[in-house]
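Okay, so the sequence shown: first residue is 312 according to the working numbering, each after it adds one.
All C-beta atoms in this analysis are idealised placements derived from N, C-alpha and C, irrespective of residue type, glycine included.
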Amino acid sequence: MKKFSLLLLMLPSVLMADDLVQIRKQYYAALTNQKAADKLYKELKSKTVAQPIIMAYFGSVQALRAKHAFNPYNKVSYLKSGLKTLDASVSKSPENLEIRYLRFTLEYYIPSFLGYSKHLETDRKKIIELSKQKKFGAMDKPLLQSLLGFMKETKQCSLQEIASLDQAINNG
Numbered sequence: 312m313k314k315f316s317l318l319l320l321m322l323p324s325v326l327m328a329d330d331l332v333q334i335r336k337q338y339y340a341a342l343t344n345q346k347a348a349d350k351l352y353k354e355l356k357s358k359t360v361a362q363p364i365i366m367a368y369f370g371s372v373q374a375l376r377a378k379h380a381f382n383p384y385n386k387v388s389y390l391k392s393g394l395k396t397l398d399a400s401v402s403k404s405p406e407n408l409e410i411r412y413l414r415f416t417l418e419y420y421i422p423s424f425l426g427y428s429k430h431l432e433t434d435r436k437k438i439i440e441l442s443k444q445k446k447f448g449a450m451d452k453p454l455l456q457s458l459l460g461f462m463k464e465t466k467q468c469s470l471q472e473i474a475s476l477d478q479a480i481n482n483g
């Protein structure tokens, strides 16, 4: 009976891990494909988004819809709602590296004149701090490598910070 109870307690986290892997795949497809973005948006919208990481992906895909929208009003509306959802997920789980990475990447690509890239510095510092502490959460090695590559590519980090990220990720 104890084993069965333990199994029931573990089941939601196992299911969430599978969901997260699938959501990640769909999200990266959605970055370049409007149909994939719309599909993921509809799937996540229909779920109860209680876990902060799932909420972060939902916020990211909400904002991503702005990339594919034609109407300027819709672009701004999608972006604002996505950023609001992402901010809520950061508030719920401020120590989650993947959530910080999602918000950082999104804000990096927003034109600065729009004034929506206000967490870049905070998220960059937090990403470095969490990486040094090896608080990778559910991020696997390929995703961590992607984070490292992106941080190098953006040139938002000093050489010392890049070296620190590289050491944490590749020796973690």
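Go through its chain and collect everything with a Cβ distance to Tyr-352's Cβ below 7 Å, but skip five positions before and after it.
Within the sequence shown, numbered from 1, the residue matching residue 352 stands at position 41. Only residues of its own chain outside the window of five on either side were considered, and among them Val-372, Gln-373, Arg-376 have a CB closer than 7 Å to the CB of Tyr-352, listed in chain order.
Roughly how many angstroms lie between the CA atoms of Asp-329 and Leu-394, to the nearest whole one?
Reading the sequence shown from its first residue, position 18 is the one you call residue 329. Reading the sequence shown from its first residue, position 83 is the one you call residue 394. Spanning the two alpha carbons is a distance of roughly 25 Å.
Contact between the region 468-475 and the region 431-439 (3+ Cβ pairs under 8 Å):
Segments in contact, yes.
Could you give the first and the last residue of the continuous alpha helix (DSSP H) run that contains Lys-445?
Numbered from its first residue, the sequence shown carries residue 445 at position 134. Where Lys-445 is concerned, there is no enclosing alpha helix (DSSP H), given that its DSSP letter is neither H nor E.
Could you check the C-alpha separation between Ser-404 and Tyr-384 for me, to the nearest Å?
The residue given as residue 404 occupies position 93 in the sequence shown. The residue given as residue 384 occupies position 73 in the sequence shown. Those two C-alpha atoms are separated by around 30 Å.
Identify the continuous alpha helix (DSSP H) that holds Ile-365 and give its terminal residues.
The residue labelled residue 365 in the question sits at position 54 within the sequence shown. Residues 363-379.
Looking at the secondary structure, which residues open and close the alpha helix (DSSP H) in which Gln-345 lies?
Taking the sequence shown and counting its residues from 1, the one referred to as residue 345 is at position 34. For Gln-345, the uninterrupted alpha helix (DSSP H) segment begins and ends at 345-357.
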